[in-house]
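Student: Residue numbers (the numbering used here), protein chains in the order written: chain A, 1 to 328; chain B, 329 to 656. To start, I am sharing the structure in question, which I have written as structure tokens.
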């Protein structure tokens, strides 16, 4: 019996190699054969070729993805803002003190332009509204909303609006030993209920904005209760900080679409060896939306300039992607 | 070629089963055949037996471990305090304002009893001392200290003082599909440099106390710089909160040794289905240390009472472990 494990291990390795060869095909079928796709494939091959100059040890293969506008759509407003608007409308009768609040005014007036720049203010109102809720109750309210509402343009559940080419990219990276994380300005609670199914990213790999929670005993049962404060904003300069807190490695590859991702990409680029920094450019009004420098949601301005200057990959949704959503 | 993957997959499964059978033996060789060991093995078998009443889906197999006193030793003082004492001594000439500070007084007087209860105060002094350091510089100072210093009783590097039976337990859980996390009152920075080698736990699975960091450009390079504030204390009621922030699942199994772990164990116990809550009791003065209710470091009092009342597993280091450290 002694030698059986070694023989088995050899046969397993041999058969895995054969199986991999037989199954090999295009790992990114929704991507056109553009320079963007070539840059991705070349990066993955270089960082996984043992003995090659770009090789990265499996333990260091960390890839971080922004969520809104990078993995799923974010127009006409971040979907979390749409959720918050509905939650705040429902809570408003209990909060007459909100009448003078600028964020609540924008909400009551359906002023989408103003709301787009007010995610933090809305989060703060909502944090007050939801203070005292257990995290399980809050989780359920998010699941209920996602199940009940549809996107105004596509008339489909929001969770259908994940980008097919990015799902393929996530799977391709994982198949090559990368651990994939979300690093988003959205709150952890809003992403965790569906990120595993949509992206294959489990709750413990979702890094985001964090609200205060407190451990309490209620009827002899321990619960976590939401407090009124936001304790960490995982956006802009907060992204590398969130990565340090939650992941503890510098990413080898980082993916974003807006100025809120710039520092994450800079931090990724500053490491040694091969790196991949990629921005998704929303230039496809027909299949999705077209916006960049002038947009309130997902503004792409400084990060775009830096990407051009430093030759980071800028994906054209129009030119680089065969399809945007799986349902198209 | 079409059928090759299916045939290969079948053969792989067959060979893996044979290899597993051949290699099977006692997964916990440093544990005596006590009720503690039986409870662990029975829990793992129940939660991994598909179709059984205790079955837990692989995605939910989350196990959290306290570090100090649970995975490695913590006497005569938490090792991080010993590190901080050395750092503070070195920094003292630059901080005359510390002269009236109670924590610094205890340190200058080598008052171990007083220091034991002052981890937070010492962390705050150190945070001030290290403010302005990049996280890379701080990481290096920890690695240098660990390489240069030895434990006063065992005269060995601190990283040798990890418990062999707990290393086996970590490996056993992982071999059964569990994802293992540290959830410690110690700071993330102090554990990450060595936890992967010592425990097989990568940086992104180390949850701990968090100090402020800020993203900055220095000489055109992005760096994370330490600030003077502690922003999250991952101890006591902070442990379930830290788990929620960083992991986002309720653990199925939790391991601790002191009252600082009580809420983590309560939170774990409050979930549905099979659960494992375990405390390590330090009752082995000959091979390690003996302390519990009266200790300033790793006080085990309320958690012990609750463990007895609720029939959680209480491990006797003396009776349950064949060896404590690998070098013994």
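Idealized CB from N, CA, C, for every residue including glycine.
1) Hey, out of 577/B, 542/B, 652/B, whose CA is closest to residue 193/A's CA?
2) At a CB-CB cut-off below 8 Å, which residues of chain B make contact with residue 183/A?
3) Hey, how far is the Cα of residue 611/B from the Cα of residue 645/B?
4) Within 9 Å of any Cβ in chain B, is that where the Cβ of residue 327/A sits?
5) For residue 324/A, I'd like the list of residues in its chain whose CB is within less than 8 Å of its CB, leaving aside the five on either flank, ordered along the chain.
6) Quick one, are the C-beta atoms of residue 580/B and residue 606/B less than 9 Å apart?
7) For the beta strand (DSSP E) that contains residue 557/B, what are its first and last residues?
8) For residue 238/A, would you say it is in contact with chain B, using Cβ-to-Cβ distances shorter than 9 Å as the test?
9) Buried or exposed: where does residue 293/A fall if 16 or more other Cβ atoms within 10 Å of its Cβ makes it buried?
10) Indicate whether residue 509/B and residue 575/B have their beta-carbon atoms separated by less than 9 Å.
11) Are the beta-carbon atoms of residue 64/A and residue 55/A separated by less than 9 Å?
12) Does DSSP put residue 247/A in a helix, in a strand, or in coil?
13) Using a threshold of 9 Å, state whether the C-beta atoms of residue 513/B and residue 567/B are closer than that.
14) For residue 531/B, which option in 419/B, 523/B, 538/B has the closest C-alpha, if you only look at C-alpha atoms?
15) Using CA coordinates, which residue listed in 539/B, 534/B, 511/B, 609/B is at the minimum distance from residue 591/B?
16) Going along chain A, which residues have a C-beta under 8 Å from residue 572/B?
17) Taking all protein chains shown into account, do 16 or more other C-beta atoms lie within 10 angstroms of the C-beta of residue 446/B, making it buried, or fewer, making it exposed?
18) Just checking: is the beta-carbon of residue 560/B within a distance shorter than 9 Å of some beta-carbon in chain A?
19) Go to residue 89/A, then tell me how far its alpha helix (DSSP H) extends in each direction, as first and last residue.
20) Please say whether residue 297/A and residue 76/A have beta carbons closer to each other than 9 Å?
21) In chain order, what residues of the same chain lie with their CB nearer than 6 Å to the CB of residue 39/A, ignoring the 5 residues before and after it?
22) Are the CB atoms of residue 331/A and residue 159/A nearer to each other than 9 Å?
23) At the 9 Å Cβ level, is residue 80/A part of the contact set with chain B, yes or no?
24) Of the choices 138/A, 255/A, 207/A, whose alpha-carbon is the least far from that of residue 268/A?
25) Within 9 Å of any Cβ in chain A, is that where the Cβ of residue 595/B sits?
26) Could you spell out where the beta strand (DSSP E) holding residue 642/B opens and where it closes?
27) Thinking C-alpha only, which one of 176/A, 157/A, 138/A, 153/A is nearest residue 187/A?
28) On the CB-based measure, 16 or more other CB atoms within 10 Å of its CB, does residue 425/B come out buried or exposed?
29) Exposed or buried, residue 401/B, counting other C-beta atoms within 10 Å across all chains shown (16 or more means buried)?
30) Is the Cβ of residue 202/A closer than 9 Å to any Cβ of chain B?
31) For residue 263/A, return the contacting residues in chain B, with the cut-off set at a CB-CB distance below 9 Å.
32) Keeping to the same chain, check which residues put their C-beta closer than 7 Å to that of residue 377/B; ignore five residues upstream and five downstream.
33) Decide if residue 216/A is buried, meaning its Cβ has at least 16 other Cβ atoms within 10 Å, or exposed.
34) By the 10 Å Cβ neighbour count, where 16 or more other Cβ atoms means buried, how is residue 148/A classified, buried or exposed?
35) Which residues does DSSP pair with residue 163/A in a beta bridge?
36) Which chain B residues are close to residue 56/A, counting only those with a beta carbon under 9 Å from its beta carbon?
Tutor: According to the structure shown:
1) Translated into the one-based positions of the first chain, residue 193/A becomes position 193. Out of 577/B, 542/B, 652/B, 577/B has the C-alpha closest to the C-alpha of residue 193/A.
2) In the first chain, counting from the first residue as 1, residue 183/A sits at position 183. Against chain B, a Cβ distance below 8 Å from residue 183/A picks out nothing, because the smallest value is about 12 Å.
3) On the second chain, position 283 is the one that residue 611/B refers to. On the second chain, position 317 is the one that residue 645/B refers to. Approximately 6 Å, taken between the alpha carbons.
4) Here residue 327/A refers to the residue found at position 327 of the first chain. So no, residue 327/A is outside the interface.
5) Position 324 of the first chain, counted from the start, is the residue given in the question as residue 324/A. Within the same chain, residue 324/A has close Cβ partners 163, 164, 165, 284, 287, 288, 317.
6) What you label residue 580/B is simply residue 252 of the second chain in a count that begins at 1. What you label residue 606/B is simply residue 278 of the second chain in a count that begins at 1. The Cβ atoms of residue 580/B and residue 606/B lie no closer than 9 Å to each other.
7) Reading the second chain from its first residue, position 229 is the one you call residue 557/B. 549-560 is the extent of the beta strand (DSSP E) around residue 557/B.
8) Here residue 238/A refers to the residue found at position 238 of the first chain. Taking Cβ atoms only, chain B reaches closer than 9 Å to residue 238/A, which makes this a yes.
9) By 1-based counting over the first chain, the position of residue 293/A is 293. The residue is exposed, with fewer than 16 neighbouring Cβ atoms inside 10 Å.
10) Counting from one through the second chain, the residue named residue 509/B turns up at place 181. Counting from one through the second chain, the residue named residue 575/B turns up at place 247. Yes; because the gap between Cβ atoms is below 9 Å, this pair is in contact.
11) Here residue 64/A is taken as the residue at index 64 of the first chain, counted from 1. Here residue 55/A is taken as the residue at index 55 of the first chain, counted from 1. No, the pair does not count as a contact, with Cβ atoms beyond the cut-off.
12) For the purposes of this step, residue 247/A is taken as the residue at position 247 of the first chain. If DSSP states are grouped into helix, strand and coil, residue 247/A belongs with coil.
13) Here the question's residue 513/B lines up with position 185 in the second chain. Here the question's residue 567/B lines up with position 239 in the second chain. The Cβ atoms of residue 513/B and residue 567/B lie closer than 9 Å to each other.
14) Translated into the one-based positions of the second chain, residue 531/B becomes position 203. Comparing alpha-carbon positions, the option among 419/B, 523/B, 538/B lying closest to residue 531/B turns out to be 523/B.
15) Locating residue 591/B in the second chain gives position 263, counting from the first residue. Nearest C-alpha to residue 591/B: 511/B.
16) Reading the second chain from its first residue, position 244 is the one you call residue 572/B. Contacts between residue 572/B and chain A, judged by CB atoms closer than 8 Å, involve 135, 213, 224 in chain order.
17) Here residue 446/B is taken as the residue at index 118 of the second chain, counted from 1. Looking at its Cβ environment, which holds 16 or more other Cβ atoms inside 10 Å, residue 446/B is buried.
18) Residue numbering aside, residue 560/B sits at position 232 when the second chain is read from its first letter. Between residue 560/B and chain A, the shortest Cβ-Cβ separation is below 9 Å.
19) Locating residue 89/A in the first chain gives position 89, counting from the first residue. Where residue 89/A is concerned, the enclosing alpha helix (DSSP H) stretches over 79-91.
20) Your numbering for residue 76/A matches position 76 in the first chain. Your numbering for residue 297/A matches position 297 in the first chain. Annotated as proximal: residue 76/A and residue 297/A, with beta-carbon spacing under 9 Å.
21) For the purposes of this step, residue 39/A is identified with residue 39 of the first chain, where counting begins at 1. So the qualifying residues of the chain are 313.
22) This structure gives no information on residue 331/A, because the portion of chain A shown stretches from 1 to 328.
23) As a working note, residue 80/A is residue 80 in the first chain. No, residue 80/A lies away from the interface with chain B (no Cβ there is under 9 Å from its Cβ).
24) The sequence position of residue 268/A within the first chain is 268, counting from 1. Closest by alpha carbon: 255/A.
25) Position 267 of the second chain, counted from the first residue, corresponds to residue 595/B. At least one chain A Cβ lies under 9 Å of residue 595/B.
26) In the second chain, residue 642/B corresponds to position 314, counting from 1. Segment 641-644, the beta strand (DSSP E) holding residue 642/B.
27) If you number the first chain from 1, residue 187/A lands on position 187. Comparing Cα positions, the closest option is 138/A.
28) In the second chain, the residue the question calls residue 425/B occupies position 97. Here residue 425/B is exposed: its Cβ has fewer than 16 other Cβ atoms, across all protein chains shown, within 10 Å.
29) Residue 401/B sits at position 73 when you count from the first residue of the second chain. Buried, because 16 or more other Cβ atoms sit within 10 Å of the Cβ of residue 401/B.
30) As a first step, residue 202/A is located in the first chain; it is residue number 202 there, counting from the start. Closer than 9 Å to some Cβ of chain B, the Cβ of residue 202/A qualifies, so yes.
31) Residue numbering aside, residue 263/A sits at position 263 when the first chain is read from its first letter. Think of a sphere of 9 Å around the beta carbon of residue 263/A: the chain B residues whose beta carbon falls inside it are 543, 550, in chain order.
32) Translated into positions along the second chain, residue 377/B becomes position 49. Counting only Cβ-Cβ distances below 7 Å, and skipping sequence neighbours, we find 383.
33) Counting from one through the first chain, the residue named residue 216/A turns up at place 216. Residue burial is scored here from C-beta neighbours: residue 216/A has fewer than 16 other C-beta atoms within 10 angstroms and is therefore classed as exposed.
34) For the purposes of this step, residue 148/A is identified with residue 148 of the first chain, where counting begins at 1. Exposed, because fewer than 16 other Cβ atoms sit within 10 Å of the Cβ of residue 148/A.
35) Against the first chain, residue 163/A aligns to sequence position 163. In the DSSP assignment, residue 163/A forms a beta bridge with 325/A.
36) As a working note, residue 56/A is residue 56 in the first chain. Close partners of residue 56/A in chain B (Cβ separation under 9 Å) are lacking, with about 14 Å as the shortest Cβ gap.
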